[in-house]
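Below is one structure, written out as structure tokens; the observations come after it.
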Amino acid sequence: MLWAGVRGFQRLGSRIEVVAEGVKWEIHSMRRLGYKQVIYETDSLFLAKMINGHTEVWPKLQPIIQEIHHTLSENPHYKIVFYSRDGNMAAYRIAKEAFSLQNHLPKLYYIVPDWLKPVFETDRSDVNQNFVG
Numbered sequence: 001m002l003w004a005g006v007r008g009f010q011r012l013g014s015r016i017e018v019v020a021e022g023v024k025w026e027i028h029s030m031r032r033l034g035y036k037q038v039i040y041e042t043d044s045l046f047l048a049k050m051i052n053g054h055t056e057v058w059p060k061l062q063p064i065i066q067e068i069h070h071t072l073s074e075n076p077h078y079k080i081v082f083y084s085r086d087g088n089m090a091a092y093r094i095a096k097e098a099f100s101l102q103n104h105l106p107k108l109y110y111i112v113p114d115w116l117k118p119v120f121e122t123d124r125s126d127v128n129q130n131f132v133g
């Protein structure tokens, strides 16, 4: 399953700060939803390198990266990877949506690949039938 999120941020000085805050929000969102194995994609190669310890962290990003590191250390099956926006039209569309947010309320979407939909629907109906409320 693919999750995609969009959230507007105010009063951040640079694009990389916005992306870092977005990654932090994504990590916290998936943790709250109880996911144990997650691959987080970012279109910022430099941010991915900072988070993964391959380059020095900018002082301005230190508090955000420190919080990301702490959360990642608690979840060993979470990882951050670089995925170029050139090959990812969904990321482009999500970023465009974020700029159009009027109320800055976060939105989280999930996308099931076509090849997985039949299995997902079967699993979902099994969960609904077995749910005792």
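In terms of full-length UniProt numbering, the sequence shown is residues 1 to 133.
Even glycine gets a Cβ: it sits at the ideal position worked out from N, Cα and C.
All of these numbers come straight from a predicted model, not from anything done at the bench.
#### Entry: Contained alpha helix (DSSP H) runs [length at least 4] in the stretch 58-90, N- to C-terminal order
62-74
#### Entry: E41 - DSSP class collapsed to helix/strand/coil
strand
### Task
Could you give the DSSP three-state label for E17: helix, strand or coil?
Looking at E17 - three-state DSSP - the assignment turns out to be helix.
### Query
Which one of S14, N75 and H70 has the shortest CA to CA distance from Y35?
N75
### Cβ neighbour criterion (16 or more within 10 Å) applied to N130
With a pLDDT of 42 at N130, under the threshold of 50, the modelled position of that residue is not reliable, and no figure is offered here.
### Task
Give the straight-line distance between the Cα atoms of F46 and T55, rounded to the nearest whole angstrom.
Between F46 and T55, the C-alpha separation is close to 8 Å.
### Message
Just to confirm, is the Cβ distance from D43 to Y83 under 8 Å?
### Response
yes
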